[in-house]
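K.L.:
Letter by letter, the sequence shown follows residues 896 to 1526 of this note's numbering.
The structure follows.
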Amino acid sequence: MDLRLNKQGFCETDEFSPGETSVKGIFVGGAFRGPRDIPETVVEGSSAAAAAASFLLPNSLPVSKREYPAEGALADEIPKIGVFICHCGGELKESLSISELLEGTKGLGEVSHVEEMGLACLPEDLNQIKVKIGEHGINRIVIAGCSHREIRKTMEEMAKGIGFNPYLIEYANIREQCAFVHRDHPKLATEKAMTLIRMAVERAKRIQPIRKGSQEVERKGLVVGGGVAGMTAALRMAEQGYGVYLIEKEKELGGNLRNSFYTLKGSDPQSLLKDLLQKVNDQPSIRSYLETEVIGFEKRNGHYQTKIRRPNGEEVLDHGALVLATGGKEVIPKEYLFGEDPRVITQRQLEKMIHLKDAGLKEIRSVVMIQCVGSRDEEHPYCSRICCGHAVKNALKLKEQDPSVQVYVLYRDVRTYGFYETYYHAARGKGVIFTRYGLEKKPKVAVENGRLRVSLFDPAMGSEVTLPADRLILSTGIEPTDQMGLAKIFDVDLNPDGFFMEANPKSAPLDSVDRGKFFCGLCHSPNGIEDAISQGNAAAARAGAILSKETIEQKAYLAYVIKRLCCGCGLCVTTCPYGARVMNEEEVKAEVVDGLCQGCGNCVVACRNAASQQRNFEKGLNLTVLNAAID
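See below:
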């Protein structure tokens, strides 16, 4: 492919285009870019997908949808169950007696056919299942074998291809839940497998076909926050062909990027800012709202409505996806004489002085930097990730301007992760002195004879040392902006540290629990410019997966209400995490908004009158299945 690699042998990418390689049209993410954890890998995969989608859009073709034959009307038919016992290529025969399972299953009520399969997931066995469905008039299926997580999609696709309702298939996991965990007890394992099959058959007798509804998608996105992550997300969505509303509460776009002047890798953030602003202004699909506040939000079937307040009035925006990129802020130090002595400043303030070539820097002979100020403490127990990098980049700049300047970095742990470690070694090579301190013996700052003095216990020397400081630089952490108000408006969760909380930190690191809402940038977690760009791209890709569809299928196992049993207590409304339960005030009865219901079952559990039920998980059905387990 002739891709350019870095010195460590990983794929080289530009800091401000993290998913793009040296070859046009080839995109990268994950461990090929460098050492990565699972969340970063997932984010970069989505980021690369967004870049590829933007690249392909001018030449893209319409996506064709597969047409399936019409399903038969099976709801009123007497169940005829076909049970297919798969031994997974002989693997289960070591722990289970397949012949005993076949014989035992034949005697179960409503079972019209039982057959052993070698690998039910392969085309040959799938075709055999189709043949047997026709031969025996089978209208319910039980697959006994591996986990439904592995085989469900294959079975559902097979069923839809022959007009068989996919929700009339049940699964008995006799592999992971039986054979694998009871290898040394084949007799007991076989008995347990028979019980699992009996339960699946009992359930198959009572389930009904489900035909999922659909809802139209409002194919526009809304991005709240106009920093680097928000602008990146808005541009990527627009490049994919969708209209975007970009909401910013300040008078101008840019966010924290306006206060960044150089990166550790030597890139120019102000050039990036200028480029992003130009692209946003030139993009006809993006409508920017400055000095704008979000004041309301409402879910509809297939889309959202967000109410905003502008200087000239209020407006309601319809959109199908939401990206929150509301940013973060520097922690204001409460120690080390910050705010009392003008010589005590933050890394951000030092960066600005260096950028502006402040005359005061010429008089500086000794600089002390203290790490983890406002990070990894009781108030902010997390690492802010970028503080060590800021210290190293400013130390290198000071040494570059005047090699004779003495720079001390007092740290708890140096966390210049990944390839940033090379810059840490470069700083040491230029004479920057790194000295460790413990939380129980933090540095002390005092003014003696008009000079700043920093004292600390040096573990290398085994004694206390005092350092003179013409400037004391505090490496401050990052905290989220006050997001409680927006969290309530948009009905999203915050983690204990005040950042927006994802659905799953590994598999869905930028997704809200509520479908169609995504996070990126500092409102999600502390990160630098490069990571914020990756997250902005990734959030756009996740949003694009929704906006690319004209309609979205509803969930299959929706909740419903038996109104004659409903007392109107409202417990189901308060317990629903998706806003899918509402009260009909005229009838004083609860109702379900099908387009919002995610089939979690919370409302069913909360209902004291059994008025709330869930398709194919009705309470009577579940009790019958449990009876089969102890029969």
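Even for Gly, the Cβ is constructed at its ideal location relative to N, Cα and C.
Taking 8 Å as the cut-off, does the stretch 1027-1043 touch the stretch 1005-1016 (at least 3 CB pairs, one atom from each stretch)?
P.N.:
At 8 Å Cβ cutoff, the stretches touch.
K.L.:
If you follow the alpha helix (DSSP H) that Gly1380 is part of, which residue opens it and which one closes it?
P.N.:
It spans Met1379 to Phe1385 - the alpha helix (DSSP H) in which Gly1380 sits, taken as one unbroken run.
K.L.:
With a 10 Å radius around its C-beta and 16 neighbouring C-beta atoms as the bar for buried, classify Ser1358 as buried or exposed.
P.N.:
Exposed, since its Cβ has fewer than 16 Cβ neighbours within 10 Å.
K.L.:
From the DSSP output, in three-state form, read off Lys1115 for me.
P.N.:
Reduced to three states, the DSSP call for Lys1115 is strand.
K.L.:
On the criterion of 16 or more Cβ atoms from any shown chain inside 10 Å, does Gly1058 qualify as buried, or is it exposed?
P.N.:
It is exposed - the Cβ of Gly1058 has fewer than 16 other Cβ atoms within 10 Å.
K.L.:
Which of the three DSSP states, helix, strand or coil, is assigned to Asp1170?
P.N.:
It is helical.
K.L.:
Kindly indicate which three-state DSSP category Pro1375 falls into: helix, strand or coil?
P.N.:
Pro1375 falls in the strand class under three-state DSSP.
K.L.:
Out of Arg1271, Ile1373, Lys1025 and Glu1481, state which residue places its alpha-carbon closest to the alpha-carbon of Glu1335.
P.N.:
It is Arg1271 whose Cα lies nearest to the Cα of Glu1335.
K.L.:
Could you say which of Leu1491, Asn1504, Cys1471 and Cys1461 lies nearest to Ala1485 if we only look at CA atoms?
P.N.:
Nearest option by C-alpha distance: Cys1461.
K.L.:
Report yes or no: do the stretch 1440-1455 and the stretch 1094-1111 share at least 3 C-beta pairs separated by less than 8 Å?
P.N.:
Cβ pair count under 8 Å is three or more, so yes.
K.L.:
Are the beta-carbon atoms belonging to Arg1093 and Ala1523 less than 7 Å from one another?
P.N.:
Yes.
K.L.:
Using alpha carbons as the reference points, say which of Gln1103, Val1487 and Tyr1452 lies closest to Gly1465.
P.N.:
Looking at the Cα atoms, Val1487 is the closest of the given residues.
K.L.:
Check Tyr1332 in the structure and name its three-state DSSP category.
P.N.:
Correct three-state label for Tyr1332: coil.
K.L.:
Residue range of the alpha helix (DSSP H) that Ser941 falls in?
P.N.:
Per DSSP, Ser941 belongs to the alpha helix (DSSP H) from Ile933 to Leu951.
K.L.:
What is the residue span of the alpha helix (DSSP H) that Ala1501 lies within?
P.N.:
Here the alpha helix (DSSP H) through Ala1501 covers Asn1497 to Ala1501.
K.L.:
Any idea which residues DSSP pairs Tyr1184 with across the strands?
P.N.:
According to DSSP, Tyr1184 bridges with Ile1142.
K.L.:
In three-state terms, what does DSSP make of Pro1061?
P.N.:
The answer is helix: DSSP assigns Pro1061 an H, G or I state.
K.L.:
How is the beta strand (DSSP E) around Gly1029 delimited, first residue to last?
P.N.:
From DSSP, Gly1029 is part of no beta strand (DSSP E) but of the alpha helix (DSSP H) over Pro1018 to His1031.
K.L.:
Tell me, which residues are paired with Arg1476 by DSSP?
P.N.:
In the DSSP output, where bridge partners are listed per residue, Arg1476 has Val1487.
K.L.:
Would you identify the three-state DSSP class for Val918, choosing helix, strand or coil?
P.N.:
Here Val918 sits in coil by DSSP.
K.L.:
Please state if the CB of Leu1291 and the CB of Ala1322 are separated by a distance shorter than 7 Å.
P.N.:
In contact: Ala1322 and Leu1291 (Cβ atoms closer than 7 Å).
K.L.:
Identify whether Phe927 lies in helix, strand or coil by the three-state DSSP scheme.
P.N.:
In the structure shown, Phe927 sits in a helix (DSSP, three-state: H, G or I).
K.L.:
Answer yes or no: do Ala947 and Glu915 have a C-beta to C-beta separation smaller than 7 Å?
P.N.:
No, these two residues do not count as a Cβ contact at 7 Å.
K.L.:
Write down every uninterrupted run of the beta strand (DSSP E) in the stretch 1214-1246 whose length is 3 residues or greater and which is fully enclosed by it, in chain order.
P.N.:
List check, beta strand (DSSP E) in window: 1216-1219, 1223-1225 and 1239-1241.
K.L.:
Over what stretch of residues does the beta strand (DSSP E) that includes Lys1202 continue unbroken?
P.N.:
Lys1202 -> beta strand (DSSP E) spans His1198 to Arg1205.
K.L.:
To the nearest whole angstrom, what separates the beta carbons of Asp1377 and Tyr1473, a pair I think is in contact under 8 Å?
P.N.:
In fact, because the Cβ distance is near 25 Å, the residues do not count as touching under 8 Å.
K.L.:
Below 8 Å on the Cβ atoms is my contact criterion, and I expect Arg1437 with Leu1417 to pass it. Report the Cβ-Cβ distance as a whole number of Å.
P.N.:
Not quite, the Cβ-Cβ distance comes to about 18 Å (not below 8 Å), so this is no contact.
K.L.:
If you compare alpha carbons, which of Val1327, Arg1131 and Gly924 is closest to Met951?
P.N.:
Reading off the sequence, residue 951 comes out as Leu, not Met. Of the listed residues, the one whose Cα sits closest to Leu951 is Arg1131.
K.L.:
Using only CA atoms, which one of Tyr1062, Val1119, Lys975 and Leu1453 lies nearest to Gly1494?
P.N.:
With distances taken between Cα atoms, Gly1494 lies closest to Leu1453.
K.L.:
With Met1012 as the anchor, note down where its alpha helix (DSSP H) starts and where it stops.
P.N.:
Met1012 -> not in any alpha helix (DSSP H); beta strand (DSSP E) instead, spanning Val1006 to Met1012.
K.L.:
What residue ranges within the stretch 1422-1451 form continuous beta strand (DSSP E) runs of no fewer than 3 residues, ordered along the chain?
P.N.:
Fully enclosed beta strand (DSSP E) runs of 3 or longer: 1446-1448.
K.L.:
If Lys1115 and Gly1191 are in contact, beta carbons under 8 Å, what's the gap, nearest whole angstrom?
P.N.:
Actually they do not touch by this definition, with Cβ atoms about 17 Å apart.
K.L.:
Closest to Tyr1312 by CA distance: which of Ile980, Gly1222, Ser949 and Glu935 is it?
P.N.:
Comparing Cα positions, the closest option is Glu935.
K.L.:
Can you check DSSP and say which residues form a bridge with Cys906?
P.N.:
The partner list for Cys906 (beta bridge, DSSP) reads Leu900.
K.L.:
Whose C-alpha, out of Val918, Phe922 and Gln903, is nearest the C-alpha of Ser1429?
P.N.:
Of Val918, Phe922 and Gln903, the residue nearest in Cα terms is Phe922.
K.L.:
Quick one: Cα of Cys983 to Cα of Arg1070, how far?
P.N.:
If you take the alpha carbons of Cys983 and Arg1070, they lie about 8 Å apart.
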